[in-house]
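Inspection log for the structure reproduced underneath, given as structure tokens.
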Ligand code: ADP
Ligand code: MG
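Residue numbers (my numbering): 130 to 503.
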């Protein structure tokens, strides 16, 4: 068992609280991503797991063992950073062999293991090259090979794709995912890129200012964000703010946004979140009218920015569309009211939360129509 557990961890640097009393588990054999903006404490979390730094307070466990004060050299963690940090004058073979040599492995063992991991990262035949003879993506795969060659208990990846251009990023991302699946190694990745987090992770820990904003699967964070910050960080979001009554959220400006209203009493203030891919442009009468102010054609998807007559901006992402709408066009908008997610933080702030927030959130995915208070 290599579950990593933080119990009330705080890390301060002078007056800066890099990590502010967090408790979280990173599951054994799973892929966990620490996601958050720059300065939110992500690298500090990895450094705490690796033993590069010690917490100011709180304890860290791996499995059932308290490792809070265990030296880094005894933690058996593999690390990959943004910059490949390969030794430039050593061959690929020697770079990968390095951690094994430190551990005094035999020459036969080294040859066997380096050969194995070179195959795993699909770089057979590159053993005798020097790092500068490889592409950035290949170099990062060497760094990955070096991090797993000694069979670490935990693999730690700090923005491993950040220095790569788009195509290479995708290549290495696929590599990392395949490797993690085949090895089943407990992996913790740090990134500020939500797309990367969504594509790689079993679980995402969303950080903001040294605190945990939300923990969940990519699906939960995307469809059921706990806060406005989470909704905005995990993709584009339309925020429908106002007072709930008669099956809709009524904005102060006068827009009427159809929404379900489970657990709301008439007159309650609420913020609904609607993903742009839930908004459809309709030929006939919709639920709202809007004028197209921007068309962003990306091939697979067209991203429209619209404005209501009252001036609220709305986003609609439409796929598989042949006839594109033009800028300036007046269009009808429609969506399924059940797809509006009522942001729990907007409810809790006003004391409108249901007794059991978890049950309430689950309800939103399969809203029980008969329970909707209208
Ligand atoms: P992230 O990786 O999410 O960008 P970090 O974990 O590197 O964030 O940093 C979190 C906060 O702690 C930041 O405000 C950063 O400036 C501060 N910090 C990190 N390391 C140090 C350090 N060695 N000394 C002082 N402040 C630090
Ligand atoms: Mg960092």
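Ideal placement from N, C-alpha and C gives every residue a C-beta, glycine not left out.
If you measure from each CB to the nearest heavy atom of ligand 1, the residues under 6 angstroms come out as 142, 145, 147, 165, 167, 168, 169, 170, 171, 172 and 173. Counting the other CB atoms within 10 Å of its CB gives residue 171 a total of 16 or more, which places it among the buried residues. No heavy atom of ligand 2 is found nearer than 8 angstroms to the CB of residue 190.
Counting only residues of its own chain and dropping the five nearest sequence neighbours on each side, residue 281 has a CB closer than 8 angstroms to the CB of 205, 206, 207 and 314.
Assigned with DSSP and collapsed to three states, residue 393 falls in coil, not helix or strand. Checking the DSSP bridge columns, you'll see residue 387 partnered with 377.
At a Cβ-Cβ threshold of 9 angstroms, residue 381 and residue 475 do not count as neighbours. At least one heavy atom of ligand 2 lies less than 8 angstroms from the C-beta of residue 288.
Spatial neighbours of residue 401 in its own chain (CB-CB distance under 6 angstroms, excluding positions within 5 residues in sequence) are listed in chain order as 369, 378, 388, 469 and 471.
In this structure, residue 407 places its C-beta atom within 9 angstroms of the C-beta atom of residue 464. For residue 459, the enclosing beta strand (DSSP E) begins and ends at 459-463.
Distances from the CB of residue 319 to the heavy atoms of ligand 2 include at least one below 8 angstroms. One thing to note: residue 393 has its Cβ no nearer than 9 angstroms to the Cβ of residue 417.
In its chain, beyond the 5 residues on either side, 162 and 286 have a beta carbon closer than 6 angstroms to the beta carbon of residue 318.
The Cβ-Cβ distance between residue 345 and residue 298 does not fall below 9 angstroms.
Excluding the 5 residues flanking it on each side, residue 459 has same chain C-beta neighbours closer than 6 angstroms at 420, in chain order. Per DSSP, the continuous alpha helix (DSSP H) segment holding residue 305 begins and ends at 295-312. Between residue 356 and residue 209, the alpha-carbon positions lie close to 31 angstroms from each other.
333 is the residue among 246, 230, 333 and 141 whose C-alpha sits nearest the C-alpha of residue 156. Here residue 343 carries a strand assignment [DSSP, helix/strand/coil]. Straight-line spacing of the CA atoms in residue 386 and residue 457 works out to 22 angstroms.
The criterion of a C-beta distance shorter than 9 angstroms is not satisfied by residue 405 and residue 461. The beta-carbon separation of residue 243 and residue 278, rounded to 6 angstroms, stays under the 8 angstroms limit for a contact. Runs of the alpha helix (DSSP H) lying entirely within the stretch 143-183 and spanning at least 4 residues, in chain order: 171-179. With respect to the 9 angstroms criterion, residue 320 and residue 350 are not classified as neighbours on the basis of their beta carbons. Per DSSP, residue 456 is not a residue of any beta strand (DSSP E), being assigned neither H nor E.
Of the other Cβ atoms in all chains shown, fewer than 16 fall within 10 Å of the Cβ of residue 427; this residue is therefore exposed. Residue 134 sits away from residue 174, with the two beta carbons spaced by 9 angstroms or more. When DSSP assignments are scanned along the stretch 192-269, the uninterrupted stretches of beta strand (DSSP E) that are 3 or more residues long and fall wholly within it turn out to be 206-209.
Residue nearest to residue 183 within the set 311, 441 and 196 is 196 (criterion: CA-CA distance).
Per DSSP, residue 328 is one residue of the alpha helix (DSSP H) stretching across 323-329. Counting only residues of its own chain and dropping the five nearest sequence neighbours on each side, residue 330 has a CB closer than 7 angstroms to the CB of 160, 161, 162 and 347.
Within the model, the alpha-carbon separation for residue 223 versus residue 231 is close to 12 angstroms. Distance from residue 360 to residue 335 at the Cβ level is roughly 11 angstroms; contact not present, criterion being Cβ atoms closer than 8 angstroms.
The beta carbons of residue 431 and residue 453 sit closer together than 9 angstroms. Residue 134 is bridged by DSSP to 154 and 190.
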